[in-house]
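These notes are about the structure you will find just below.
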Amino acid sequence: MNPLKSDEYPAIYDDYIETIVGDVKEELINQLESFPDFIKAIPEELGTYTYAEGKWTIKEILCHIIDTERVMSYRALRFARNDMTALASFEQDEFVANGRHNERTFTSIIEEFIAVRKSNLILFDTFNEHELARKGMASDRLITVRAFIYVVAGHLNHHRIILQERYLKPQE
1 MNPLKSDEYP AIYDDYIETI VGDVKEELIN QLESFPDFIK AIPEELGTYT YAEGKWTIKE
61 ILCHIIDTER VMSYRALRFA RNDMTALASF EQDEFVANGR HNERTFTSII EEFIAVRKSN
121 LILFDTFNEH ELARKGMASD RLITVRAFIY VVAGHLNHHR IILQERYLKP QE
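Positions 1 to 172 (full-length UniProt numbering) are the ones given, in order, by the sequence shown.
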């Protein structure tokens with residue numbers, strides 16, 4: 001896959017995309033193994049921990065990562081298939097509030113992550129360079145299919161850093 005250019009995505013995604021060093025597909029594949037291992041290392045009793053009032057729990061963050069991957073890959077699919085219908089934003093706080101994530105086990109979250117990621121890796125491999133370069137409007141912002149793939153990988157990295165620095169470090 002060709003590298004991402006700055007004109008392929010809005011600046012709102014800079015923090016995610018900057019976490020990608022090297023090939024994005026390799027990053028996605030590495031995350032398929034490393035992220036479940038990261039989750040397995042978290043004690044189950046910390047699943048509903050939050051470092052401050054009003055912040056999401058660890059399980060809510062993990063499920064938010066999966067939900068966002070689904071949304072971004074859906075957007076990528078629509079644009080790759082040349083459906084240029086402008087796509088609305090999604091309300092992440094409503095997704096979390098209505099997801100019942102704290103009722104889940106880490107094992108079920110890991111299983112879902114693996115299934116979603118494997119499916120998306122197969123989907124992303126079907127896109128050729130022409131399809132990857134297609135642009136569409138999502139959340140009132142112009143973005144390419146290729147950029148969505150970077151956002152998927154970078155969004156996970158972004159939240160993993162937050163989990164390490166704000167949720168898990170104080171517990172050590």
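Quick reminder that beta carbons are idealized off the backbone N, C-alpha and C, glycines included. Quick caveat, the model's predicted, so the values are computed rather than measured.
With contacts defined by Cβ atoms closer than 8 Å, residue 80 and residue 18 do not form a contacting pair. With a cut-off of 8 Å on Cβ pairs, the segment 5-23 is not in contact with the segment 79-97, counting fewer than three such pairs.
Between residue 117 and residue 32, the gap from beta carbon to beta carbon is short of 8 Å. Within 10 angstroms of the beta-carbon of residue 41 lie fewer than 16 other beta-carbons, which makes it exposed. Boundaries cannot be given for residue 12, as no alpha helix (DSSP H) includes it and DSSP labels it neither H nor E. With contacts defined by Cβ atoms closer than 8 Å, residue 3 and residue 113 do not form a contacting pair. Its chain contains no residue whose beta carbon lies nearer than 8 Å to that of residue 14 once the 5 sequence neighbours on both sides are disregarded. Cα atoms of residue 59 and residue 135: separation of roughly 33 Å, rounded to the nearest angstrom. Residue pairing of residue 141 in beta bridges, as defined by DSSP: 138.
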